[in-house]
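Residues 36 to 168 in the working numbering are what the sequence shown lists, from first letter to last.
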Amino acid sequence: GGGAKWLALLRDRELLEVIEGLCTLPGVGPKVAACIALFSLDKNQAIPVDTHVWKVATQYMLPELAGKSLTPKLSIVVADAFVAKFGEYAGWAQNVLFIGQLPAKKLVATEVTSETAKPTKRKRATKMVEIQA
Numbered sequence: 036g037g038g039a040k041w042l043a044l045l046r047d048r049e050l051l052e053v054i055e056g057l058c059t060l061p062g063v064g065p066k067v068a069a070c071i072a073l074f075s076l077d078k079n080q081a082i083p084v085d086t087h088v089w090k091v092a093t094q095y096m097l098p099e100l101a102g103k104s105l106t107p108k109l110s111i112v113v114a115d116a117f118v119a120k121f122g123e124y125a126g127w128a129q130n131v132l133f134i135g136q137l138p139a140k141k142l143v144a145t146e147v148t149s150e151t152a153k154p155t156k157r158k159r160a161t162k163m164v165e166i167q168a
């Protein structure tokens, strides 16, 4: 596999075939393949399972798996649970839940000014500053 044409053709394939195909590329495993499928190939039900998604799944959906280690087989169980609960857009639902688990931080826009070569003009820029909530 590989190449732009091959990648574009993956959009018309089933999710499992897409993930298997992407995993043939160097450095691409199941999680990265699921990310590519979800964010770039219109596979809205793709679930990129990692330790963070595992935590969400065991906390809210599969508490019976809490305390176990994430394995490739359990990644499939987690993905199936998300699809069963959230349906066609399970990948996006998982993404929202994942973001909700991130540490509480706020980005605040602050105006930063700097002098340009001409002293009568000021250059203004907006800088995003991260603060703890």
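Every residue gets a Cβ at the ideal spot worked out from N, C-alpha and C, and that includes glycine.
With respect to Val91, Leu132 sits close: the two C-beta atoms are nearer than 8 Å.
With contacts defined as CB atoms closer than 8 Å, Ser110 and Val84 qualify as a contacting pair. Cβ atoms of Lys78 and Gly126 come within 8 Å of each other, at about 7 Å.
In this structure, Ala81 places its C-beta atom within 8 Å of the C-beta atom of Leu50. Ile54 is classed as buried because its beta carbon has at least 16 other beta carbons within 10 Å across all chains shown. Between Asp47 and the set Phe117, Ala72, Ala116, Gly135, the nearest pair of CA atoms involves Ala72. If you draw a straight line from the Cα of Glu99 to the Cα of Leu60, it comes to about 34 Å. Scanning its chain for C-beta atoms nearer than 7 Å, with the 5 sequence neighbours on each side dropped, one finds around Phe121 the residues Ala128, in chain order. The three-state reading of DSSP puts Cys58 in coil, since its state is none of H, G, I, E or B.
In this structure, Leu137 lies away from Ala116, with their beta-carbon atoms at least 8 Å apart. About 4 Å separates the beta carbons of Leu57 and Ala68, which is inside the 8 Å limit, making them a contact pair. Distance from Val112 to Trp89 at the Cβ level is roughly 10 Å; contact not present, criterion being Cβ atoms closer than 8 Å.
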